[in-house]
Amino acid sequence: MPSSWRTTSSQRGAATGWWDERKQVTGKITSWSRPLPSGFSFRPPMLVRRLRPTPYFRAFHDLRTYQEDIRWPGWQVIIGIETHAQIKSHRKLFSESLTSAPDDPPNTHVSPFDAAFPGTLPKVNPKCVDLALRTAFALKCRIAHRSSFDRKHYFYSDLPSGYQITQQYAPLAKNGELEVQTPGSSPVTVRIKQIQLEQDTAKSTFNPRTRTSNIDLNRAGTGLMEIVSEPDMRSPEEAGAYVRTLQAVLRAMGSSDGNMEQGSLRCDVNVSVNQKGGPPGIRCEIKNLNSVRFIMAAIRHEIKRQTEYLLANPGSSVPQETRGFDENTFETFRLRSKEDAPDYRYMPDPNLGVLVLSQSRIEEIQKMLPALPWEKRSRLLEQYPQLGAKEQSLDVLLNVDNGRDVGFDGEDSGGVVGYFESLCREARADGRTVKRDPVVVLNWLTHELLGQLTARKQTFSDNALTVSQLGELIDLVQSKSITGTSGKFLLRHMLSSPSSDSPTKIATGLELIALPASPSFSPSSQGKGSASPELQSLCEAAITALPSEVAALRAGNRNVLNKIVGYVMKQSRGRADAVAVRNLVEELVR
Amino acid sequence: MLRGFTSPFDATVVSLLQDSGADVIGKTNCDEFGMGSLNIHSCHGPVWNPVNQDCATDSLEARSAGGSSGGSAAAVAAGLCDAALGTDTGGSVRLPASYCGVVGLKPSYGLISRWGVVSYADSLDCVGILASDVDTTERIFHTLAVFDALDPTAAPLGLRKEVYQSTEKRLSSINFAKSNSLEGLRVGIPQEYFPSELSTEIIQQLRNVVSELRLRGAMIIPISLPSTSYALSSYYVLASAEASSNLARYDGVQYGSYVKPPPGTDITKTSNVYAQSRTAGFGEEVQKRILLGTYALSADAFDNYFLQAQRVRQLIKEDFNHVFAIPNHYSDSPVMTSSKSPKVDVLLHPSAIRTAPLLNEVSSGASDLSAYVQDVLTVPASLAGLPALSVPVKDSDRESERWPVGISVVGQWGTDEMVLAIGKVVQDLYRES
Chain A
1 MPSSWRTTSS QRGAATGWWD ERKQVTGKIT SWSRPLPSGF SFRPPMLVRR LRPTPYFRAF
61 HDLRTYQEDI RWPGWQVIIG IETHAQIKSH RKLFSESLTS APDDPPNTHV SPFDAAFPGT
121 LPKVNPKCVD LALRTAFALK CRIAHRSSFD RKHYFYSDLP SGYQITQQYA PLAKNGELEV
181 QTPGSSPVTV RIKQIQLEQD TAKSTFNPRT RTSNIDLNRA GTGLMEIVSE PDMRSPEEAG
241 AYVRTLQAVL RAMGSSDGNM EQGSLRCDVN VSVNQKGGPP GIRCEIKNLN SVRFIMAAIR
301 HEIKRQTEYL LANPGSSVPQ ETRGFDENTF ETFRLRSKED APDYRYMPDP NLGVLVLSQS
361 RIEEIQKMLP ALPWEKRSRL LEQYPQLGAK EQSLDVLLNV DNGRDVGFDG EDSGGVVGYF
421 ESLCREARAD GRTVKRDPVV VLNWLTHELL GQLTARKQTF SDNALTVSQL GELIDLVQSK
481 SITGTSGKFL LRHMLSSPSS DSPTKIATGL ELIALPASPS FSPSSQGKGS ASPELQSLCE
541 AAITALPSEV AALRAGNRNV LNKIVGYVMK QSRGRADAVA VRNLVEELVR
Chain B
591 MLRGFTSPFD ATVVSLLQDS GADVIGKTNC DEFGMGSLNI HSCHGPVWNP VNQDCATDSL
651 EARSAGGSSG GSAAAVAAGL CDAALGTDTG GSVRLPASYC GVVGLKPSYG LISRWGVVSY
711 ADSLDCVGIL ASDVDTTERI FHTLAVFDAL DPTAAPLGLR KEVYQSTEKR LSSINFAKSN
771 SLEGLRVGIP QEYFPSELST EIIQQLRNVV SELRLRGAMI IPISLPSTSY ALSSYYVLAS
831 AEASSNLARY DGVQYGSYVK PPPGTDITKT SNVYAQSRTA GFGEEVQKRI LLGTYALSAD
891 AFDNYFLQAQ RVRQLIKEDF NHVFAIPNHY SDSPVMTSSK SPKVDVLLHP SAIRTAPLLN
951 EVSSGASDLS AYVQDVLTVP ASLAGLPALS VPVKDSDRES ERWPVGISVV GQWGTDEMVL
1011 AIGKVVQDLY RES
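What follows is the structure in structure tokens.
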């Protein structure tokens, strides 16, 4: 009937918006295709994403070619990961209270804003923004000069204000990528969809025995970066490697300590499977995975579950669900179906408005960007090609460097690579620059210093030796002023009784200065050139003390020589040079 | 919900007043969470309008003080204090001022700190000032309108200086001092601010003011703000949406009243626990607006309600920007200057559609929608964040027991000084005669 049709259409035009109109035209919600009708000049940035219905696989064009996996032949697995990384800032994202460590007493880091007291207002902590920007640069994202904050509403005891402030519609950064090395195959590029700033929640624990909830607001309002990947991973191993690489990036940028056990890095993993050559399947999201091992196990279980479902129900698709992971059975379980998905009632935050980043601030961040582990590696190899033969030690150095404690607000806590570089090229207080052999320095660092620290159950951050102290110690050994054995002893001593004294002074005090082989040898040895007679007398004393060995040596048994030398070395407490002792003993016995 | 609640900190406005030597003598009644136009939605009962107290000896004759900041307006009108603070989200300072015959200022959004103000709708909430005359209002405004780093929406210092200078420049071109002359002043009368519900008595009062201003040399210019008719709908969608969000925090967990769930409730579901306290703690009007706002933000309604309301709000801002001579310094969208419409310094319109209604009349629930229609004259300035001042006008020709009428002066964002200056002129029209 034309008349009734007209009524409907005019009603739609007036009372309802163009959104319904679009539904009418296309029959169902498909993709964002029609431009905004004229007359709506005002379009907040949030509109764009808001109206794109679940674009997850919709605009899917596979950048990866299918590769058969013998564990699930004929199936393609598609994985995308959302990572929540706690920002390592002194203060929370929107309040003045200090961030907390997991073992802090409950509710000791709380301001009225964190507890959602009436009359409180948020204020963006610029340090959090800077750290997220660093991360965005490291992930090669496009940075939004204007981003905004939105409120995501839900009622739960870990959310005092009833909403979480996040960046749903206009995130801080978009369209990045991360190159991920996987063992035994070529590197994979995972595209980063976006990075958004948001608040962490409080911690609530329900005690079923007493039927009470305990709420700890320490974590409430801590800054998080939500890093969303595109569905570019194809196996549990790639997913694991992605998270590990991302972790290294975050740590290198100082933006998060990326500690999964302590919950400062959490992952939600989206998994779908489809027959080879077919369209992508329906994804399921596994929430809150807190170790790489669990991530891989959860994906493996999902692949098994989803392929079994598809085989048992030919022609249908896997029901879209949000799932949890049981750390005991290593299986995923259903949390809620798509129909039960909560309506978060997103709303632009009326207090925070638009976060405007000036070009100069962005450039400043870019200029001060810390190096990534692999960038440090190639820089070191370029500068010191001789390290190419010591790749294992170099990797130890880089691992320790990336494993260092991440400082607050992006402050560098001083990594071992920087220490290494300063040792190789030390600018001394007197203006001189001392250059040292990088291979020797690397050996001292990785074998001696890091080895000693590990033995003492310490980390590099506990290292008490300054660059000039360790440098001088290495120089003493290199110039044979002290022996290698004495050098190691001196290092141990300086670690256990730290002081600001120079190694030379300490070595002298400990009587570690080497015994010169002859008066003419080693003129630099602190005016103790007359010590040669001491070595002479030590050797003579050895010959007296070991008559049978001396007799055997005279008889031609040269193996005994080592024993005599060893005796002298012991008597000298490591100060003697083994070669010199050997020559002197041979001379005396002859 | 917040009965017995004591905030652990002082609001910035309270500290500023105390630092300047003011005595804070008490708290006043208001509509619950600022939601209401008549101050009848309060757990302490309605506020009685103190004007013409003699005829209001029994509750049948009691009139409303207006809302939501009715207690503040009544306290000033009754002479209990020199001035009072209120909050104005959609007219909650100007309307009670009009009903009680006192001066009420809603300053430009962002000039006075909101730190410590219980949020109703953050993008609209303003701290307002109620006082017996414009001079007192001005003194308090100058004390309070300072930048506060605790308020993220506070106008930055540079912007304040900029707009202050352009206001001063414009004001100096109008020579007030010279024999009461208003030559050079351009006053706009918006045609959309005369709804059919507006009482003829009030129209007459406005006419008197307008002719007086014209006599002094001011140019009276009829103007049009075409989007005004959508303002009320836009306001109620946006304010309710923000309220549903802001009031989500009142769950009885951290503070406020808590109602224990009855035995047998499944307390593993948070919502079951919260529902008890929220049902018992919120009044009827608040619940109504929370539900409305929650709906406006739901996925199905968001586009047609919240976004649509935001678009309307933008149109209303543009309407105002078209008619004011001074550009809007606060908005970050480019100012359109090409418009052919005549430019004005201030707008003049009635503050309310009627004088204070009988409490008996309004609490019966008979005039359900009229309570909202009352806001029609005040919400556009709130949506656009503009300064608006309600000044009482008294017609000396009539008997003194008439109920007060307020006239609103509205200016461009940040021109609060000009609005106060013109308000003083309007006030003095009656003082001198």
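Taken in order, these protein sequences are the chains called A and B. Counting in my numbering, the first sequence runs from 1 upward without gaps. Counting in my numbering, the second sequence runs from 591 upward without gaps. All residues carry an ideal CB built from backbone N, CA and C; glycine is no exception. Nothing here was measured: the structure is a model prediction, and the numbers come from that model.
Of the listed residues the options, nearest to residue i (C-alpha basis)
{"i": "Gly975 (chain B)", "options": "B:Ala946, B:Ser819 and B:Pro697", "result": "B:Pro697"}
{"i": "Asn290 (chain A)", "options": "A:Arg266, A:Ile303, A:Val243 and A:Pro279", "result": "A:Arg266"}
{"i": "Val434 (chain A)", "options": "A:Leu423, A:Leu442, A:Val441 and A:Trp444", "result": "A:Leu423"}
{"i": "Leu938 (chain B)", "options": "B:Ser662, B:Arg868 and B:Leu815", "result": "B:Leu815"}
{"i": "Ala899 (chain B)", "options": "B:Pro686, B:Asp609, B:Ile880 and B:Pro970", "result": "B:Pro970"}
{"i": "Ala745 (chain B)", "options": "B:Ser632, B:Val966, B:Cys716 and B:Ser762", "result": "B:Cys716"}
{"i": "Gly574 (chain A)", "options": "A:Lys488, A:Arg142 and A:Val271", "result": "A:Lys488"}
{"i": "Gly254 (chain A)", "options": "A:Thr135, A:Ile299 and A:Trp72", "result": "A:Thr135"}
{"i": "Pro342 (chain A)", "options": "A:Glu82, A:Tyr156 and A:Leu588", "result": "A:Tyr156"}
{"i": "Asp437 (chain A)", "options": "A:Asp430, A:Glu426 and A:Tyr154", "result": "A:Glu426"}
{"i": "Gly543 (chain A)", "options": "A:Arg558, A:Asn557 and A:Val568", "result": "For the sequence presented, residue 543 (chain A) should be read as Ile rather than Gly. Comparing Cα positions, the closest option is A:Val568."}
{"i": "Ser429 (chain A)", "options": "A:Lys457, A:Val467 and A:Tyr419", "result": "Reading off the sequence, residue 429 (chain A) comes out as Ala, not Ser. The option with the nearest alpha carbon to Ala429 (chain A) is A:Val467."}
{"i": "Ile513 (chain A)", "options": "A:Gly484, A:Glu177 and A:Arg244", "result": "A:Gly484"}
{"i": "Asn328 (chain A)", "options": "A:Asn270, A:Gly556, A:Gly315 and A:Ala297", "result": "A:Ala297"}
{"i": "Ile997 (chain B)", "options": "B:Phe784, B:Glu728 and B:Ser610", "result": "B:Phe784"}
{"i": "Ser823 (chain B)", "options": "B:Ala663, B:Glu951 and B:Arg903", "result": "B:Arg903"}
{"i": "Arg839 (chain B)", "options": "B:Phe872, B:Ser756 and B:Pro598", "result": "B:Phe872"}
Between the CA atoms of residue j and residue i - distance to the nearest angstrom
{"i": "Ser378 (chain A)", "j": "Thr99 (chain A)", "result": "35 Å"}
{"i": "Lys88 (chain A)", "j": "Tyr346 (chain A)", "result": "27 Å"}
{"i": "Ile880 (chain B)", "j": "Arg944 (chain B)", "result": "28 Å"}
{"i": "Ser537 (chain A)", "j": "Ile506 (chain A)", "result": "25 Å"}
{"i": "Val417 (chain A)", "j": "Ile474 (chain A)", "result": "17 Å"}
{"i": "Ser682 (chain B)", "j": "Gln167 (chain A)", "result": "32 Å"}
{"i": "Phe294 (chain A)", "j": "Lys174 (chain A)", "result": "28 Å"}
{"i": "Gly80 (chain A)", "j": "Gln1002 (chain B)", "result": "50 Å"}
{"i": "Ala170 (chain A)", "j": "Gln794 (chain B)", "result": "51 Å"}
{"i": "Pro385 (chain A)", "j": "Cys128 (chain A)", "result": "38 Å"}
{"i": "Phe333 (chain A)", "j": "Ile286 (chain A)", "result": "9 Å"}
{"i": "Gly807 (chain B)", "j": "Val800 (chain B)", "result": "11 Å"}
Neighbourhood of residue i by C-beta, 8 Å cutoff - its chain only, sequence neighbours within 5 removed
{"i": "Glu261 (chain A)", "result": "Asn290 and Ser291"}
Residues near residue i in its chain [Cβ-Cβ closer than 7 Å; skip 5 each side]
{"i": "Arg740 (chain B)", "result": "Note that residue 740 (chain B) corresponds to Leu in the displayed sequence, not to Arg. So the qualifying residues of the chain are Thr602, Ser703 and Trp705."}
{"i": "Val604 (chain B)", "result": "Val614 and Gly706"}
{"i": "Ser572 (chain A)", "result": "Leu515 and Leu538"}
Where residue i meets chain A, residues with beta-carbon distance less than 7 Å
{"i": "Gly706 (chain B)", "result": "Gly119"}
{"i": "Arg839 (chain B)", "result": "Ala116, Pro160, Ser161 and Gly162"}
Proximal chain B residues relative to residue i, where beta-carbon distance stays under 7 Å
{"i": "Asp343 (chain A)", "result": "Ser888 and Ala889"}
{"i": "Leu289 (chain A)", "result": "In chain order: nothing, as chain B lies at least about 23 Å away."}
{"i": "Asn351 (chain A)", "result": "Asp712, Pro742 and Thr743"}
Listed by chain order, chain A residues near residue i by CB distance under 8 Å
{"i": "Tyr845 (chain B)", "result": "Ala115 and Phe117"}
{"i": "Ser861 (chain B)", "result": "Phe155"}
{"i": "Tyr864 (chain B)", "result": "Phe155"}
{"i": "His592 (chain B)", "result": "Note on residue identity: the sequence assigns Leu, not His, to residue 592 (chain B). Here the neighbours are Pro118."}
Contact list for residue i against chain B, beta-carbon separation under 8 Å
{"i": "Lys123 (chain A)", "result": "Ala739, Leu740 and Pro742"}
Cross-chain neighbours of residue i in chain A, by beta carbon under 9 Å
{"i": "Ser597 (chain B)", "result": "Pro112, Phe117, Pro118 and Gly119"}
Neighbourhood of residue i by C-beta, 6 Å cutoff - its chain only, sequence neighbours within 5 removed
{"i": "Val753 (chain B)", "result": "His919 and Gly1004"}
{"i": "Gly1013 (chain B)", "result": "Val724, Leu979, Val981 and Val999"}
{"i": "Val637 (chain B)", "result": "Asn619, Asn629, Ala655, Gly660, Gly661 and Ala664"}
Cβ-heavy atom distance, residue i to the ligand HEM, below 7 Å
{"i": "Gln181 (chain A)", "result": "In terms of ligand content, the structure shown is empty, and the ligand HEM therefore cannot be addressed."}
Inset, instruction - Specify whether the stretch 929-945 of chain B and the stretch 855-866 of chain B touch according to this definition: at least 3 beta carbon pairs, one from each stretch, less than 8 Å apart. - result: no
Inset, instruction - Take every Cβ of the stretch 334-350 of chain A, pair it with every Cβ of the stretch 318-325 of chain A, and state whether three or more of those distances are shorter than 8 Å. - result: yes
Legend entry - Cβ pair count under 8 Å reaching 3, the stretch 609-625 of chain B against the stretch 665-681 of chain B: yes
Inset, instruction - For the stretch 213-224 of chain A and the stretch 91-98 of chain A, state whether three or more C-beta atom pairs, one from each stretch, are separated by less than 8 Å. - result: yes
Inset, instruction - Would you be able to state if there are at least three C-beta pairs under 8 Å between the stretch 279-287 of chain A and the stretch 113-133 of chain A? - result: no
Inset, instruction - Flag this pair as touching only if the stretch 241-254 of chain A and the stretch 108-118 of chain A have three or more C-beta atom pairs under 8 Å; answer yes or no. - result: no
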